[in-house]
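Novice: Pasting a structure here, questions to come.
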Amino acid sequence: MVEIEDKLASIDEMESGRPERFSDETATGETNQELRGPRRISIAARFDPDPNSFDWVRRLYSDYAHWIKAPEIKSSDVISLCQVNPRAKDQVIRNIREADIFVIDLFEDYHQTLDSLKKMAPDQKRPLESLAAANRLDREEIVNFLADERRVAVLRSIVPIIEDLTKQATVVHDGALHRFEHSALVDLDKIGDLGEQDLKELIVRFTVLFSDALNPEVRARAIESVISSRCYGSRGHVAMEVLELATAHDMVFDRGSDRAMNRLIEADNRLHEHLEAINLRGLQRPRRGIRQQDSRDVLGVQAADIAAGFARKRFEDFFQGDTTVAAKRLREEFAHVLLNTKWL
4 MVEIEDKLAS IDEMESGRPE RFSDETATGE TNQELRGPRR ISIAARFDPD PNSFDWVRRL
64 YSDYAHWIKA PEIKSSDVIS LCQVNPRAKD QVIRNIREAD IFVIDLFEDY HQTLDSLKKM
124 APDQKRPLES LAAANRLDRE EIVNFLADER RVAVLRSIVP IIEDLTKQAT VVHDGALHRF
184 EHSALVDLDK IGDLGEQDLK ELIVRFTVLF SDALNPEVRA RAIESVISSR CYGSRGHVAM
244 EVLELATAHD MVFDRGSDRA MNRLIEADNR LHEHLEAINL RGLQRPRRGI RQQDSRDVLG
304 VQAADIAAGF ARKRFEDFFQ GDTTVAAKRL REEFAHVLLN TKWL
């Protein structure tokens, strides 16, 4: 018990500060073989700031210490616990239901293209190398073609939607027309150096970070705000307000890919600079905090890991070949579920 108290004291110290959201992600394939390998789907969870400082996670440490095998609570241990302990299951389900769940399934076409390409190769043991040699190409040129195919996954994601919204947020302020100065938030010409896993993580975390802009309730609040301000707002004012509402929280992610995180922060910085330039309130706009932190030090990220793990398991239980059907079934168990670019 002393070790648990020391662990929680460390977590409390790390979590002091301004309110933040917390997120973690996982991938399918744990219990459903159909969802392994190329068919693997990303599942993420996000928690808003908890007024009770995630006391329910703290109670798991104290009430079920014998189930905690690692230095921190992991979703796999909690799922195992809930399978044999109805009281613990009720406690966990009650607290994770309000988490935002994200189901991101964008790479199936890429893998179908890759599989078809490999079948054309003269040597199935060395598909890319032999295909390149047969056509007098460097292997790197084949890899570049595949990188172009991965761009398609980005174009089917939330990324171009947020970029279009950012470009809509063009207003006249102080006698000058303020437009978005960059060509994009995520430069597609520079994603070739990201491997598939890094790119998946970038898309998932970009979705978690900006998904409020797709929420109909947020968009309605933005329109109402512009109307009530009596400033004869344009589409640019509404787009600006949507983005302001969608970027109102700081975010803490579990430790992941530094390359993906750097691209994510770069995109958020570009958006921040644009919103600051068109800020009509005359106030300095605080920069949003985005960081990675070891989940062992943050109860909120541990809560997100538990929610993502439960969502992943239930999604695999529901999946029978159709991602949309499984995600809609997941919506019956969680209050908020987003599939790729749509809140269900």
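For what it's worth, the working numbering labels the leading residue of the sequence shown as 4, then goes sequentially.
The beta-carbon is built from N, C-alpha and C at its ideal position, and this holds for glycine as well.
#1: Verify whether the separation of the beta carbon atoms of residue 216 and residue 158 is less than 8 Å.
#2: Would residue 23 be called buried (16 or more neighbouring beta carbons within 10 Å of its own) or exposed?
#3: Taking its Cβ as the centre, do 16 or more other Cβ atoms sit within 10 Å of residue 239, making it buried, or is it exposed?
#4: Would you list, in sequence order, the uninterrupted beta strand (DSSP E) runs of no fewer than 3 residues that lie entirely inside the stretch 268-314?
#5: Just curious, the beta strand (DSSP E) that residue 104 is in, first and last residue?
#6: Mind checking who residue 46 pairs with in its DSSP beta bridge?
#7: Going by other Cβ atoms of all chains shown within 10 Å of its Cβ, with 16 needed for buried, is residue 261 buried or exposed?
#8: Any idea which residues DSSP pairs residue 254 with across the strands?
#9: Taking the straight line between their C-alpha atoms, what separation do you get for residue 346 and residue 125?
#10: Measure how close the beta-carbons of residue 304 and residue 27 come, nearest whole angstrom, since I'm counting them as under 8 Å.
#11: Use the C-beta contact count for residue 96: other C-beta atoms within 10 angstroms, 16 or more gives buried, fewer gives exposed.
#12: Mapping DSSP to helix, strand and coil, what is residue 1?
#13: Look at residue 259 and residue 82 and say whether their C-beta atoms are less than 8 Å apart.
#14: What are the boundary residues of the alpha helix (DSSP H) that residue 211 is part of?
#15: Going by DSSP, name the residue or residues bridged to residue 341.
#16: Look up residue 189 in the DSSP assignment and say whether it is helix, strand or coil.
Specialist: Walking through what the data contain:
#1: For the purposes of this step, residue 216 is taken as residue 213 along the sequence shown, with counting starting at 1. For the purposes of this step, residue 158 is taken as residue 155 along the sequence shown, with counting starting at 1. Contact: no.
#2: Looking up residue 23 in the sequence shown gives position 20. Classification for residue 23: buried.
#3: By 1-based counting over the sequence shown, the position of residue 239 is 236. So residue 239 ends up on the buried side.
#4: 293-296
#5: The sequence position of residue 104 within the sequence shown is 101, counting from 1. Residues 103-107.
#6: In the sequence shown, residue 46 corresponds to position 43, counting from 1. Paired residue(s): 29 and 106.
#7: The sequence position of residue 261 within the sequence shown is 258, counting from 1. With fewer than 16 Cβ atoms within 10 Å of its Cβ, residue 261 is classed as exposed.
#8: In the sequence shown, residue 254 corresponds to position 251, counting from 1. Beta-bridge analysis with DSSP links residue 254 to 24 and 293.
#9: In the sequence shown, counting from the first residue as 1, residue 346 sits at position 343. In the sequence shown, counting from the first residue as 1, residue 125 sits at position 122. Looking at the two C-alpha atoms, the distance is approximately 45 Å.
#10: Position 301 of the sequence shown, counted from the start, is the residue given in the question as residue 304. Position 24 of the sequence shown, counted from the start, is the residue given in the question as residue 27. About 5 Å separates the two Cβ atoms, so the contact holds.
#11: By one-based count along the sequence shown, residue 96 stands at place 93. The residue in question, residue 96, is exposed, as its Cβ has fewer than 16 Cβ neighbours within 10 Å.
#12: Because the chain spans 4 through 347 in this model, residue 1 falls outside it and cannot be assessed.
#13: Here residue 259 corresponds to residue number 256 of the sequence shown, with the count starting at 1. Here residue 82 corresponds to residue number 79 of the sequence shown, with the count starting at 1. Taking 8 Å as the Cβ cut-off, residue 259 and residue 82 do not qualify as a contacting pair.
#14: Translated into positions along the sequence shown, residue 211 becomes position 208. For residue 211, the enclosing alpha helix (DSSP H) has its first and last residue at 199-213.
#15: Position 338 of the sequence shown, counting from 1, holds the residue named residue 341. Looking at the DSSP assignment, residue 341 forms a beta bridge with 105 and 346.
#16: Numbered from 1 along the sequence shown, position 186 holds the residue referred to as residue 189. Note: residue 189 maps to coil in three-state DSSP.
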